[in-house]
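In my numbering, the protein residues as written are 3 to 320. As structure tokens, the structure follows; a few thoughts come after it.
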């Protein structure tokens, strides 16, 4: 064989080797995507771990979060759960459903809360469901209370010459209405509704924090407290962060020392049917920031409506 033939054969071998590598990489990627599409999350199936679940932003009814908490309760590889709370609250029903879900989880394995910037109102309700609340010195906790807001646009409508008429089956039907000032009977009705939910919230605080009803009443005026003040008022159990939570789990609840803490997220299918954890890994493999992939979803969630009773702390001016 002449020299040119030898060179051509070597080139052909290099091309074949290249395409073999491409084919193997493509096959590996296809298998990976199939596994991810099946709902695999980073941290699942890696042996004994401590799961970290974040409850952040405005709390509403979240079926997928409830499913995650149920899955963690049934996962024998998860030896404990840290609930990271960073929420001003939300709907009272949303807080209630999360409270009961966390309580069911705590019946199966040790669960502790780490308060981030704030755990207020329904956010504090969720933290109370755990067996240990750890907050930072400057965290915000409390805001024990219930709120019902409605709009009275009657003056504005009058200024632009709009009059809305209604035929109702009874005087309190569809009250309070944004088209007319609320009559005293409607305000009394809403007051009874608020007080009923408020009394229930206070009973939770009394039971979970070991207060007397009088002690709960003294703190349930809507006030917020720093983590340090919360410790003094027994709204939290300790000051610190995740390291303090880990210490308590290991020393007081017998969780094996040194377990990896793994972030667990609710399943939320996006494009190509990938779960949120799967998308994060896939995006990372492609060289992008996983946090950026959820930006649109976060913006959409922040603009959702809050209907019904609300347990939400709002700083002045908001």
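Backbone N, C-alpha and C define an ideal beta-carbon position, used for all residues, glycine too.
Sequence-distant residues of its chain with Cβ nearer than 6 Å to residue 240 (five each side left out): Locating residue 240 in the chain shown gives position 238, where the first residue counts as 1. So the qualifying residues of the chain are 136, 246.
Beta-carbon spacing of residue 113, residue 133 below 8 Å: As a working note, residue 113 is residue 111 in the chain shown. As a working note, residue 133 is residue 131 in the chain shown. Their beta carbons are under 8 Å apart, which means residue 113 touches residue 133 by this criterion.
Alpha-carbon spacing of residue 214 relative to residue 184, whole angstroms: Within the chain shown, residue 214 is the residue found at index 212, counting from 1. Within the chain shown, residue 184 is the residue found at index 182, counting from 1. Distance between the alpha carbons of residue 214 and residue 184 is about 36 Å.
Inside the segment 184–249 only - beta strand (DSSP E) runs reaching at least 3 residues: 226–228
Terminal residues of the alpha helix (DSSP H) in which residue 158 lies: Mapped onto the chain shown, residue 158 falls at position 156. Residues 156–161.
Residue 70 beta carbon less than 8 Å from that of residue 268: By 1-based counting over the chain shown, the position of residue 268 is 266. By 1-based counting over the chain shown, the position of residue 70 is 68. Yes, they are a contact pair.
DSSP state of residue 134 mapped onto helix, strand, coil: The sequence position of residue 134 within the chain shown is 132, counting from 1. Residue state, collapsed to three classes: coil.
CA-to-CA distance, residue 118 to residue 82, given in whole angstroms: Stepping through the chain shown from its first residue, residue 82 is reached at position 80. Stepping through the chain shown from its first residue, residue 118 is reached at position 116. For residue 82 and residue 118, the distance between alpha carbons rounds to 19 Å.
Three or more C-beta pairs below 8 Å linking the segment 73–82 and the segment 255–265: yes
Contact under 8 Å by Cβ, residue 143 with residue 237: As a first step, residue 143 must be located in the chain shown, where it is residue number 141. As a first step, residue 237 must be located in the chain shown, where it is residue number 235. Cβ atoms of residue 143 and residue 237: closer than 8 Å.
Counterpart residues of residue 60 in DSSP-defined beta bridges: Looking up residue 60 in the chain shown gives position 58. Partner(s): 91.
Rounded C-alpha distance that separates residue 226 from residue 145: For the purposes of this step, residue 226 is taken as residue 224 along the chain shown, with counting starting at 1. For the purposes of this step, residue 145 is taken as residue 143 along the chain shown, with counting starting at 1. Looking at the two C-alpha atoms, the distance is approximately 5 Å.
Contact with chain D by residue 105, beta-carbon distance below 8 Å: Going by chain labels, chain D is absent from the structure shown, which holds only one protein chain.
Option nearest residue 315 by Cα separation, candidates 253, 51, 123: On the chain shown, residue 315 is found 313 positions in, with the first residue counted as 1. Of 253, 51, 123, the residue nearest in Cα terms is 123.
Backbone CA spacing between residue 312 and residue 192 [nearest angstrom]: Counting from one through the chain shown, the residue named residue 312 turns up at place 310. Counting from one through the chain shown, the residue named residue 192 turns up at place 190. Those two C-alpha atoms are separated by around 12 Å.
Proximity below 8 Å, CB of residue 174 to CB of residue 187: Position 172 of the chain shown, counted from the start, is the residue given in the question as residue 174. Position 185 of the chain shown, counted from the start, is the residue given in the question as residue 187. The answer is yes: Cβ separation under 8 Å.
Residue 138 versus residue 52: straight-line alpha-carbon distance, rounded: One-based indexing of the chain shown puts residue 138 at position 136. One-based indexing of the chain shown puts residue 52 at position 50. If I take the Cα positions, the gap works out to 21 Å.
From 57, 204, 87, 140, residue whose alpha carbon lies closest to that of residue 233: On the chain shown, position 231 is the one that residue 233 refers to. Looking at the Cα atoms, 140 is the closest of the given residues.
Option nearest residue 63 by Cα separation, candidates 171, 130, 125, 265: Sequence index remark: in the chain shown, residue 63 carries index 61 (1-based). Of the listed residues, the one whose Cα sits closest to residue 63 is 125.
Residue 121 - containing beta strand (DSSP E), residue span: To locate residue 121, count along the chain shown from 1; it is residue 119. 113–122 is the extent of the beta strand (DSSP E) around residue 121.
Outcome for residue 128 when other beta-carbon atoms lying within 10 angstroms are tallied against a minimum of 16: Here residue 128 is taken as the residue at index 126 of the chain shown, counted from 1. With 16 or more Cβ atoms within 10 Å of its Cβ, residue 128 is classed as buried.
Reduced DSSP category for residue 257 - H, G, I as helix; E, B as strand; rest coil: Looking up residue 257 in the chain shown gives position 255. DSSP places residue 257 in coil when its eight states are reduced to three.
Expected contact under 8 Å - CB spacing of residue 147 and residue 224 to nearest Å: Mapped onto the chain shown, residue 147 falls at position 145. Mapped onto the chain shown, residue 224 falls at position 222. Correct: roughly 4 Å between the Cβ atoms.
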